[in-house]
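Residue numbering for the sequence shown follows the working numbering, starting at 332 and increasing by one per position.
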Amino acid sequence: SGSAPDEGGRTDAGTLTFSAGSDDIVSIVFGDTGGISVSGLLSGAVVWTQSDGGRTLTGSIDGVEVIRLTLTGASGVGFGQSDTVTVNVVLLEAFPHLDELVSIGGIEVVATDTDGDTATGLVAVVVEDDVPTVSLDETPNQVVEGEAIGGNWSHEMGADRPGTIEVLVGDDAYALDTD
Numbered sequence: 332s333g334s335a336p337d338e339g340g341r342t343d344a345g346t347l348t349f350s351a352g353s354d355d356i357v358s359i360v361f362g363d364t365g366g367i368s369v370s371g372l373l374s375g376a377v378v379w380t381q382s383d384g385g386r387t388l389t390g391s392i393d394g395v396e397v398i399r400l401t402l403t404g405a406s407g408v409g410f411g412q413s414d415t416v417t418v419n420v421v422l423l424e425a426f427p428h429l430d431e432l433v434s435i436g437g438i439e440v441v442a443t444d445t446d447g448d449t450a451t452g453l454v455a456v457v458v459e460d461d462v463p464t465v466s467l468d469e470t471p472n473q474v475v476e477g478e479a480i481g482g483n484w485s486h487e488m489g490a491d492r493p494g495t496i497e498v499l500v501g502d503d504a505y506a507l508d509t510d
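Have a look at this one:
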């Protein structure tokens, strides 16, 4: 859920444009979910469910909703015209991931005209993990052997808590308590 999981998820959006030929486009909805691929998951599989007449697509892992895509804007287009549909994405929960990225591809948005002809737009979503950060008030250029350095630092572990902080001195790593 991003670096602030209590804020109700993270969002993003993108647009697709559909142009009608000699027939009106009468429907713009998410297509078949069978071609959706997800890479970078640590465990589980994403199960996709459509609702709201095909205008909402929700992905769940182990029964927990983790991502929701909705279509807003055009639901139809008059013949000879063009219009856009916005694909809104909300990350509802953290993805169990292998690396910092979970890639979701093959999401179809399908426009259908009055005599059943279709045009498909493909959507891809990349979920980037919130990596921990550390910031220092000052960064010393060098430390003289036998002398101490001091200063202030702060850290943000991100939504994947708990985390650890290690300080490297030469080849030795020392874990610091993060509480």
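Think of the CB as a built atom: it goes at the ideal place given N, C-alpha and C, for glycine as much as any other residue.
In this text the structure is predicted, and so the values were computed from the model without any measurement.
beta-carbon glycine 366 near the ligand MG non-hydrogen atom, thresh 7 Å: Ligands displayed in this structure: none; no statement on the ligand MG is therefore possible.
Same chain, Cβ closer than 8 Å to histidine 428, neighbours up to 5 away in sequence not counted: Gly371, Leu372, Leu373, Val458 and Asp460
Glutamine 381, enclosing beta strand (DSSP E) - first and last residue: 377-382
Under the three-state DSSP convention, the category threonine 445 falls into: coil
Alpha-carbon to alpha-carbon, arginine 341 and arginine 386: 19 Å
DSSP state of glycine 407 mapped onto helix, strand, coil: coil
Glycine 375 vs aspartate 393 beta-carbon contact at 8 Å: yes
Cross-strand partners of glutamate 439 (DSSP beta bridge): Under DSSP, glutamate 439 forms a beta bridge with Leu453.
Where leucine 347 falls, given that 16 or more other Cβ within 10 Å makes a residue buried: Classification of leucine 347: buried, given that the 10 Å Cβ count is 16 or more.
Residue span of the beta strand (DSSP E) that contains isoleucine 392, given as start and end: 387-392
Burial state of valine 395, where buried means 16 or more other Cβ atoms lie within 10 Å: exposed
DSSP state of glycine 371 mapped onto helix, strand, coil: Correct three-state label for glycine 371: coil.
Inter-residue CB distance, glutamate 439 and phenylalanine 361 (contact presumed, cutoff 8 Å): So it is a contact: roughly 7 Å between Cβ atoms.
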